[in-house]
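Visitor: Following the numbering used here, the numbering of the sequence shown begins with 428 at its first residue and continues without gaps.
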Amino acid sequence: MLDIRRLHMLKTVAARGSITAAAQSLALSAGAVSQQLAALRHDVGVDLLRPDGRTVALTEAGRVLLEHADRILAAMEEAECAVAAVKGTVGATATLAALPSTVARIVAPALTALGTDHPQLAVTCLVTDQAQLRELTLGTVDVVLGQRYHHVPETMPKGIAVSPLLDDPLLVVTAADGSDERSFGLRELATHHLVVPPATTDCGQAILHACRQAGFTPTTRYVTADIAAQLALARSGLATALVPRTAIDPATPGISAAPIEDHPIQRLLFAATRRTETTNPTTAAVIAALGTAARQDHTTYLPPA
428 MLDIRRLHML
438 KTVAARGSIT
448 AAAQSLALSA
458 GAVSQQLAAL
468 RHDVGVDLLR
478 PDGRTVALTE
488 AGRVLLEHAD
498 RILAAMEEAE
508 CAVAAVKGTV
518 GATATLAALP
528 STVARIVAPA
538 LTALGTDHPQ
548 LAVTCLVTDQ
558 AQLRELTLGT
568 VDVVLGQRYH
578 HVPETMPKGI
588 AVSPLLDDPL
598 LVVTAADGSD
608 ERSFGLRELA
618 THHLVVPPAT
628 TDCGQAILHA
638 CRQAGFTPTT
648 RYVTADIAAQ
658 LALARSGLAT
668 ALVPRTAIDP
678 ATPGISAAPI
688 EDHPIQRLLF
698 AATRRTETTN
708 PTTAAVIAAL
718 GTAARQDHTT
728 YLPPA
């Protein structure tokens, strides 16, 4: 009989591209992973991996086995969810991966609420610049708080369920000058020196796309994905920033944050989990807390004067 742990190792090696990388993500030694994969190869009687330069790749037999392994692992998770649903209680652990721009206004309030409502649940939070959807498919995280900009076609890995949380517009952030708040036309920013994220990021791509749609190429003076640095440059008057609303503390002094009236740049914040027929009470509790925090943030936000 095939060992499900070895099937999971095969899936992880295929996703990571090497035994060393897989071992690191599994918190095992490379030797231990190699040993288990050798045992799996013995069980099936055929090679499952082959060298591919500095990495490894699946053989034809490995690809066939992985297709079945995906279904087996999904069935195991479905069984665990079904039992948890019968118990009707939130579990003891969960891992959440979130973007830095969501921590202060959504993640922190959600985790605070979870601590009150489900004190037995310990949530590990991984804060990373890129949504960890691959980690979700590999089972290393349970919930991903991710983003998708509206001009980008939706692409989601197979087997992932998405719960929309909030439409989050980018605001034009400048140094406060004491004047009344006003909205901007995006074309106005053609004369501004901008601080923007790198063009390789989702936000950087969205800004560049929107500016081109408005008929200009932005004058980029500073490039950084660090929102604190963007706000500092805007506060000093050195640059104008385009920052997601949820990433701005309304009480931040020295800045003015205004909407874009004609070519709004929006991102959709979402919570993603592995798709199962039966709802897992633990991940459902995490998503519910994120949703409540997102709704409260939306209704209580007031642009700084």
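From the three backbone atoms N, C-alpha and C, an ideal C-beta is built for every residue, glycine too. Computed from a predicted structure; not experimentally measured.
#1: Using the beta-carbon count (16 or more within 10 Å), is Ala716 buried or exposed?
#2: Can you tell me whether Ala732 is helix, strand or coil according to DSSP?
#3: Which class does Leu523 belong to by DSSP, given the choice of helix, strand or coil?
#4: If you drop the 5 nearest sequence neighbours on each side, which residues of the same chain put their C-beta closer than 6 Å to that of Ala461?
#5: Take the Cβ of Leu729 as the centre, count every other Cβ of all protein chains shown within 10 Å, and call the residue buried at 16 or more, exposed below.
#6: Going by the CB atoms, is the gap between Val622 and Ala395 shorter than 7 Å?
#7: Between which two residues does the beta strand (DSSP E) holding Thr700 run?
#8: Who does Thr482 pair with in a DSSP beta bridge?
#9: How many Å lie between Asp556 and Asp653 at the Cα?
#10: Name the DSSP beta bridge partners of Pro596, please?
#11: Per the DSSP calculation, Ile587 is bridged to which residue(s)?
#12: Contact check, Asp474 vs Arg481 under 8 Å by CB: the rounded distance?
#13: Just to confirm the assignment, what range does the alpha helix (DSSP H) spanning Leu541 have?
#14: Answer yes if the segment 592-604 comes into contact with the segment 689-706, meaning at least three C-beta pairs across the two stretches below 8 Å, and no otherwise.
#15: Quickly, what does DSSP pair Arg575 with across the bridge? List them, please.
#16: Would Val513 be called buried (16 or more neighbouring beta carbons within 10 Å of its own) or exposed?
#17: Along the chain, where does the alpha helix (DSSP H) containing Arg468 start, and where does it finish?
#18: Among the candidates Val554, Leu492, Pro677 and Ala684, whose CA atom is the shortest distance from the CA of Ile431?
#19: Taking all protein chains shown into account, decide if Met436 is buried (16 or more other Cβ within 10 angstroms of its Cβ) or exposed.
#20: Report the rounded CA-to-CA distance for Glu505 versus Ser610, giving the unit in angstroms.
#21: Taking only three categories from DSSP, how would you classify Ala751?
#22: Can the beta-carbon of Val568 be found closer than 7 Å to that of Ala524?
#23: Which residue's Cα is closest to the Cα of Gln640: Leu548, His578 and Ser683?
#24: Return the CA-CA distance between Ala488 and Ala466, expressed in angstroms with no decimal places.
#25: So, using beta-carbon positions, are Ala666 and Arg648 closer together than 7 Å?
#26: What is the residue span of the beta strand (DSSP E) that Leu669 lies within?
#27: Please classify Val568: does DSSP put it in a helix, a strand, or coil?
#28: Hey, could you find the ends of the beta strand (DSSP E) Ala549 is sitting in?
Guide: Inspection of the coordinates gives the following:
#1: If you number the sequence shown from 1, residue 716 lands on position 289. It counts as buried.
#2: The residue you call residue 732 lines up with position 305 of the sequence shown. Only weak support exists for where Ala732 lies, its pLDDT of 37 falling under 50; the value from the coordinates is given anyway. Assignment of Ala732 by DSSP, reduced to helix, strand and coil, places it in the coil class.
#3: The residue given as residue 523 occupies position 96 in the sequence shown. Leu523 falls in the strand class under three-state DSSP.
#4: Here residue 461 refers to the residue found at position 34 when the sequence shown is read from its first residue. Correcting the residue type first, residue 461 is Ser in the shown sequence and not Ala. If we look at Ser461 and ignore the five residues flanking it on each side, its Cβ neighbours are Ile446.
#5: Along the sequence shown, one-based indexing puts residue 729 at 302. Confidence in Leu729 is poor, its pLDDT being 43 and thus under 50, which makes the residue's placement too unreliable to answer from.
#6: No statement about residue 395 is possible, as the shown extent of the chain runs from 428 to 732 and does not include it.
#7: Here the question's residue 700 lines up with position 273 in the sequence shown. Looking at the DSSP string, the run of the beta strand (DSSP E) that includes Thr700 is Gln693 to Arg701.
#8: Taking the sequence shown and counting its residues from 1, the one referred to as residue 482 is at position 55. BP columns for Thr482 point to Asp479.
#9: Within the sequence shown, residue 556 is the residue found at index 129, counting from 1. Within the sequence shown, residue 653 is the residue found at index 226, counting from 1. So the two alpha carbons sit approximately 10 Å from each other.
#10: Here the question's residue 596 lines up with position 169 in the sequence shown. Gln693, per the DSSP bridge assignment.
#11: As a first step, residue 587 is located in the sequence shown; it is residue number 160 there, counting from the start. Arg701, per the DSSP bridge assignment.
#12: Taking the first residue of the sequence shown as position 1, residue 474 is located at position 47. Taking the first residue of the sequence shown as position 1, residue 481 is located at position 54. Rounded to whole angstroms, the Cβ separation of Asp474 and Arg481 is 19 Å, and the two are not in contact under 8 Å.
#13: Your numbering for residue 541 matches position 114 in the sequence shown. First-last of the alpha helix (DSSP H) with Leu541: Ala535 to Asp544.
#14: yes
#15: As a first step, residue 575 is located in the sequence shown; it is residue number 148 there, counting from the start. Answer by DSSP bridge pairing, in chain order: Leu695.
#16: Here residue 513 refers to the residue found at position 86 of the sequence shown. Flag for Val513 reads exposed.
#17: Position 41 of the sequence shown, counting from 1, holds the residue named residue 468. Note, Arg468: alpha helix (DSSP H), Ala457 to Val471.
#18: Your numbering for residue 431 matches position 4 in the sequence shown. The candidate whose alpha carbon is nearest that of Ile431 is Leu492.
#19: Position 9 of the sequence shown, counted from the start, is the residue given in the question as residue 436. Looking at its Cβ environment, which holds 16 or more other Cβ atoms inside 10 Å, Met436 is buried.
#20: Sequence index remark: in the sequence shown, residue 505 carries index 78 (1-based). Sequence index remark: in the sequence shown, residue 610 carries index 183 (1-based). Rounded to the nearest angstrom, the two C-alpha atoms are 49 Å apart.
#21: Any question about residue 751 goes unanswered here, given that the chain covers just 428 to 732.
#22: Reading the sequence shown from its first residue, position 141 is the one you call residue 568. Reading the sequence shown from its first residue, position 97 is the one you call residue 524. Yes, they are a contact pair.
#23: For the purposes of this step, residue 640 is taken as residue 213 along the sequence shown, with counting starting at 1. Ranking the options by Cα distance to Gln640, first place goes to His578.
#24: In the sequence shown, residue 488 corresponds to position 61, counting from 1. In the sequence shown, residue 466 corresponds to position 39, counting from 1. If I take the Cα positions, the gap works out to 15 Å.
#25: Along the sequence shown, one-based indexing puts residue 666 at 239. Along the sequence shown, one-based indexing puts residue 648 at 221. Cβ distance < 7 Å, so Ala666 and Arg648 count as in contact.
#26: Position 242 of the sequence shown, counted from the first residue, corresponds to residue 669. Note, Leu669: beta strand (DSSP E), Thr667 to Pro671.
#27: Position 141 of the sequence shown holds residue 568. If DSSP states are grouped into helix, strand and coil, Val568 belongs with coil.
#28: Residue 549 sits at position 122 when you count from the first residue of the sequence shown. Per DSSP, Ala549 belongs to the beta strand (DSSP E) from Ala549 to Val554.
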